[in-house]
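Residue numbers (the working numbering), protein chains in the order written: chain A, 249 to 549; chain B, 249 to 549.
What follows is a single structure, written as structure tokens, with notes after it.
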């Protein structure tokens with residue numbers, strides 16, 4: 249599970265900071281989360297193969313999370329993309345993108361699917377053999393969702409030494425991984441537990457930006473491995489957090505603590521602060537495992 | 249008259265090159281021409297005061313000339329802009345911008361005026377005391393205009409030594425600048441030519457991008473001081489220029505020669521070329537005064 253932060257600053261792109269976009273890799277799948285202006289340049293800078301991005305999740309329709317999407321979609325066509333592209337985001341996103349494609353008479357070289365969201369309840373919006381993605385309804389000035397990525401029940405891991413000891417044919421391996429016992433030729437039943445190790449625990453990642461302090465989300469993100477929670481402001485600007493429906497570092501840490509997550513990653517910093525160190529200091533007073541996102545940083549979990 | 253090239257490469261923004269945007273300054277007015285993705289970051293990089301930009305001219309609705317506009321308009325609001333902003337561009341531009349502002353529930357802090365264009369004839373679209381702007385209809389895959397900026401008839405310049413010799417009161421100076429003769433108290437008429445120098449010649453700048461080779465534009469840009477003409481391709485890709493309705497360096501130079509302009513500035517280079525030097529070489533075989541635009545370069549004329 250790998251998180252690459254392409255941009256994690258609030259509001260406007262600047263010479264040295266970028267608005268929100270993240271690449272999240274899990275089970276060899278690559279998901280792009282949010283797409284502020286300049287995201288395609290950040291992808292190039294970090295040498296991400298554009299063709300590996302097949303699913304893009306947009307949290308909400310504020311510019312610092314969205315305005316790079318039309319350019320990325322257009323660039324995919326200029327690169328002669330053929331793979332389907334799926335975009336998940338608030339209702340209205342399809343009209344915004346299609347209006348611009350139509351005005352430029354530039355249709356995509358690939359199938360472009362929109363999955364528009366409008367529910368205020370958490371929904372399962374993506375599922376494959378290895379991963380599920382659910383929405384996390386957030387409370388912001390406009391309709392906003394976080395996204396919860398979770399590995400699916402892993403198969404048991406074969407204990408190859410034991411399996412060879414019993415001279416079990418390779419055709420039974422999938423059955424063993426699925427938890428089945430094996431009947432040998434002499435009728436002996438070998439318990440699955442003797443042949444396997446426990447599966448790796450299912451990993452999970454919750455992306456929560458933008459949102460006001462909202463303990464209502466805690467049950468949805470309980471015990472996740474990694475929580476990215478916006479912290480636009482420090483405590484000294486708590487009044488601005490409330491007014492603009494953003495969070496402080498302390499509020500993000502409070503959510504992390506209540507949800508008993510393993511790691512909290514902070515981001516979406518207001519550009520008013522000369523340094524982001526104080527975000528970590530303030531959050532650590534509440535919750536111990538705090539990491540600071542920054543543009544270009546990758547985390548392996 | 250100063251031209252600052254913020255971006256001059258075709259198609260997609262990359263780590264080291266930017267799509268089209270230029271700042272053109274004349275008579276202390278600042279005009280932004282085109283606004284590809286990342287333009288606001290280029291403006292910051294070159295320390296341009298955002299509040300000095302009151303007029304933005306968009307040539308056409310392809311992304312590499314447009315996709316930075318919504319972000320710039322949004323950032324103006326975040327910076328609490330109060331001055332009116334005027335956007336000139338093809339019909340459809342207003343709907344594109346307003347749809348996105350509406351979706352983000354982010355209205356502007358200032359008056360935003362759209363001047364939508366749909367004529368296929370050259371039109372006067374801007375005029376103040378010092379400058380006029382006319383459209384230059386271009387031939388591209390979608391409706392496209394170049395823009396012709398021209399100083400207005402300058403006033404004559406007072407020859408202060410002569411004026412003092414005749415002991416002419418300061419209240420006559422404006423009349424003299426406007427070309428009027430002066431009647432002295434003894435009834436003598438002093439010819440304006442004795443009191444003034446000829447005005448500076450009216451300077452002019454023609455921005456022509458994107459366009460296929462189109463000699464039809466020559467009468468509109470005859471004798472301009474500076475012609476920026478797109479040259480997406482070298483001669484070896486002339487077939488691509490024709491197919492995509494772009495120009496080669498030689499075609500740009502041919503227009504410059506026929507229009508008898510003073511300087512030709514090339515730009516809108518395809519990103520397929522490792523170096524842009526060959527554009528100058530090919531163009532100079534046709535027309536002598538060739539300058540190469542590049543991101544971040546300024547020209548004073």
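A virtual CB, placed ideally from N, CA and C, is assigned to each residue, including glycine.
Report the residue from B:376, B:513, B:518, B:522 whose alpha carbon sits nearest the alpha carbon of residue 528 (chain B). Taking the first residue of the second chain as position 1, residue 528 (chain B) is located at position 280. Nearest C-alpha to residue 528 (chain B): B:513.
If you run the structure through DSSP and keep just helix, strand and coil, what is residue 404 (chain A)? Along the first chain, read from residue 1 onward, the residue named residue 404 (chain A) stands at position 156. Correct three-state label for residue 404 (chain A): coil.
With 8 Å as the threshold, decide whether the Cβ of residue 516 (chain B) is near any Cβ in chain A. On the second chain, residue 516 (chain B) is found 268 positions in, with the first residue counted as 1. Closer than 8 Å: no.
Between the Cα of residue 390 (chain A) and those of A:436, A:493, A:400, spot the shortest distance and give me the residue it belongs to. Translated into positions along the first chain, residue 390 (chain A) becomes position 142. If we check each option's Cα against that of residue 390 (chain A), A:493 comes out closest.
Please list the partners that residue 348 (chain A) has in chain B, where partner means a Cβ-to-Cβ separation under 7 Å. Locating residue 348 (chain A) in the first chain gives position 100, where the first residue counts as 1. Those are 344, listed as they occur along chain B.
Let me confirm a value: residue 283 (chain B) is counted as buried when at least 16 other C-beta atoms fall within 10 Å, else exposed. Which label applies? As a position in the second chain, residue 283 (chain B) is number 35, starting the count at 1. Of the other Cβ atoms in all chains shown, 16 or more fall within 10 Å of the Cβ of residue 283 (chain B); this residue is therefore buried.
Are the C-beta of residue 368 (chain A) and some C-beta of chain B separated by less than 8 Å? Residue mapping note: residue 368 (chain A) aligns to position 120 of the first chain, counting from 1. Judged by the 8 Å Cβ criterion, residue 368 (chain A) is not in contact with chain B.
Where in the stretch 356-400 of chain B do unbroken runs of the beta strand (DSSP E), each at least 3 residues long, occur, reported from the N-terminal end onward? As summarised for the stretch 356-400 of chain B, the continuous beta strand (DSSP E) elements at least 3 residues long and confined to that stretch are 360-365, 372-375, 379-386, 392-399, given in chain order.
If you drop the 5 nearest sequence neighbours on each side, which residues of the same chain put their C-beta closer than 6 Å to that of residue 508 (chain A)? Within the first chain, residue 508 (chain A) is the residue found at index 260, counting from 1. For residue 508 (chain A), where only same-chain residues beyond five positions count, the Cβ hits under 6 Å are 471.
How big is the Cα-Cα spacing for residue 345 (chain B) and residue 345 (chain A)? Counted from its first residue, the second chain places residue 345 (chain B) at position 97. Counted from its first residue, the first chain places residue 345 (chain A) at position 97. Cα-Cα distance, rounded: 12 Å.
is_contact[residue 260 (chain B), chain A] using C-beta, thresh 8 Å: Against the second chain, residue 260 (chain B) aligns to sequence position 12. So yes, residue 260 (chain B) belongs to the interface.
Which residues, in chain order, does the stretch 381-392 of chain B contribute to contact with chain A at a C-beta distance below 9 Å? Residues of the stretch 381-392 of chain B whose Cβ lies closer than 9 Å to any Cβ of chain A, in chain order: 389, 390.
Does residue 463 (chain B) come out as helix, strand or coil in the three-state DSSP assignment? Position 215 of the second chain, counted from the start, is the residue given in the question as residue 463 (chain B). Helix.
Give the straight-line distance between the Cα atoms of residue 289 (chain B) and residue 418 (chain A), rounded to the nearest whole angstrom. Position 41 of the second chain, counting from 1, holds the residue named residue 289 (chain B). Position 170 of the first chain, counting from 1, holds the residue named residue 418 (chain A). Whole-angstrom Cα-Cα distance: 58 Å.
Residue range of the beta strand (DSSP E) that residue 334 (chain A) falls in? For the purposes of this step, residue 334 (chain A) is taken as residue 86 along the first chain, with counting starting at 1. Here the beta strand (DSSP E) through residue 334 (chain A) covers 333-338.
Would you mind giving the Cβ-Cβ distance between residue 274 (chain B) and residue 397 (chain B), rounded to the nearest angstrom? I have them listed as a contact below 8 Å. Within the second chain, numbered from 1, the residue matching residue 274 (chain B) stands at position 26. Within the second chain, numbered from 1, the residue matching residue 397 (chain B) stands at position 149. Yes, residue 274 (chain B) and residue 397 (chain B) are in contact; Cβ-Cβ is about 6 Å, under 8 Å.
Where residue 321 (chain A) and residue 341 (chain A) are concerned, what is the direct C-alpha to C-alpha distance, given to the nearest angstrom? Residue mapping note: residue 321 (chain A) aligns to position 73 of the first chain, counting from 1. Residue mapping note: residue 341 (chain A) aligns to position 93 of the first chain, counting from 1. Pairing residue 321 (chain A) with residue 341 (chain A), the inter-Cα distance amounts to about 13 Å.
Could you pull the DSSP bridge partners for residue 525 (chain A) from this structure? To locate residue 525 (chain A), count along the first chain from 1; it is residue 277. Beta-bridge partners of residue 525 (chain A) (DSSP): none assigned.
Between the stretch 283-310 of chain B and chain A, which residues of the former have CB atoms less than 7 Å from a CB of the latter, in chain order? Result list: 285, 286, 288, 289, 292, 293, 309, 310.
Can you tell me where the beta strand (DSSP E) with residue 421 (chain A) in it begins and where it stops? Taking the first chain and counting its residues from 1, one reaches residue 421 (chain A) at position 173. It is not in any beta strand (DSSP E) - residue 421 (chain A) instead sits in the alpha helix (DSSP H) that spans 421-425.
Taking the straight line between their C-alpha atoms, what separation do you get for residue 318 (chain A) and residue 456 (chain A)? On the first chain, position 70 is the one that residue 318 (chain A) refers to. On the first chain, position 208 is the one that residue 456 (chain A) refers to. If I take the Cα positions, the gap works out to 23 Å.
Starting from the beta carbon of residue 315 (chain A), find every residue of chain B whose beta carbon is closer than 9 Å, and list them in chain order. By one-based count along the first chain, residue 315 (chain A) stands at place 67. Within chain B, the residues near residue 315 (chain A) are 285, 315, 316, 318, 319, 322, 348.
Determine the extent of the beta strand (DSSP E) in which residue 535 (chain A) is found, giving its start and end residues. For the purposes of this step, residue 535 (chain A) is taken as the residue at position 287 of the first chain. Run containing residue 535 (chain A): none; DSSP gives neither H nor E here.
Would residue 353 (chain B) count as contacting chain A if we go by Cβ distances under 8 Å? Counting from one through the second chain, the residue named residue 353 (chain B) turns up at place 105. With its beta carbon less than 8 Å from one in chain A, residue 353 (chain B) belongs to the interface.
Whole-Å CB distance - residue 278 (chain B) paired with residue 300 (chain B), under 8 Å assumed: Start at 1 with the first residue of the second chain, and residue 278 (chain B) comes out as number 30. Start at 1 with the first residue of the second chain, and residue 300 (chain B) comes out as number 52. Contact flag correct, Cβ pair sits at about 5 Å.
Please list, in chain order, all residues of the same chain as residue 360 (chain B) whose beta carbon is under 6 Å from its beta carbon, the five residues on each side excluded. As a first step, residue 360 (chain B) must be located in the second chain, where it is residue number 112. So the qualifying residues of the chain are 333.
Taking only three categories from DSSP, how would you classify residue 411 (chain B)? Within the second chain, the letter at position 163 stands for residue 411 (chain B). Three-state result, residue 411 (chain B): helix.
So, using beta-carbon positions, are residue 314 (chain B) and residue 339 (chain B) closer together than 8 Å? As a first step, residue 314 (chain B) must be located in the second chain, where it is residue number 66. As a first step, residue 339 (chain B) must be located in the second chain, where it is residue number 91. No, these two residues do not count as a Cβ contact at 8 Å.
Taking a Cβ distance cut-off of 7 Å, strictly less, list which residues of the stretch 261-278 of chain A are near chain B, in chain order. Result list: 261, 262, 263.
Could you pull out every residue in the same chain whose Cβ sits closer than 6 Å to the Cβ of residue 371 (chain A), ignoring the five residues on either side in sequence? On the first chain, position 123 is the one that residue 371 (chain A) refers to. Spatial neighbours of residue 371 (chain A) in its own chain (CB-CB distance under 6 Å, excluding positions within 5 residues in sequence) are listed in chain order as 383.
Specify whether the stretch 516-525 of chain B and the stretch 476-487 of chain B touch according to this definition: at least 3 beta carbon pairs, one from each stretch, less than 8 Å apart. Yes: at least three Cβ pairs fall under 8 Å.
Measuring only the C-alpha atoms, how far is residue 524 (chain B) from residue 540 (chain B)? For this step, residue 524 (chain B) is matched to residue 276 along the second chain. For this step, residue 540 (chain B) is matched to residue 292 along the second chain. Their backbone Cα atoms lie some 8 Å apart in a straight line.
Pick from B:530, B:258, B:433, B:295: whose alpha carbon is nearest that of residue 544 (chain B)? By 1-based counting over the second chain, the position of residue 544 (chain B) is 296. Nearest option by C-alpha distance: B:295.
Tell me, please, which residues DSSP counts as bridged to residue 252 (chain A). For the purposes of this step, residue 252 (chain A) is identified with residue 4 of the first chain, where counting begins at 1. Answer by DSSP bridge pairing, in chain order: A:271, A:546.
Taking all protein chains shown into account, do 16 or more other C-beta atoms lie within 10 angstroms of the C-beta of residue 538 (chain B), making it buried, or fewer, making it exposed? Counting from 1 along the second chain, the entry for residue 538 (chain B) is found at position 290. Counting the other CB atoms within 10 Å of its CB gives residue 538 (chain B) a total of 16 or more, which places it among the buried residues.
Contact defined as beta carbons within less than 8 Å: I believe residue 287 (chain B) pairs with residue 327 (chain B). What is the distance between those atoms, to the nearest angstrom? By 1-based counting over the second chain, the position of residue 287 (chain B) is 39. By 1-based counting over the second chain, the position of residue 327 (chain B) is 79. Contact doesn't hold; Cβ gap of about 15 Å is too wide.
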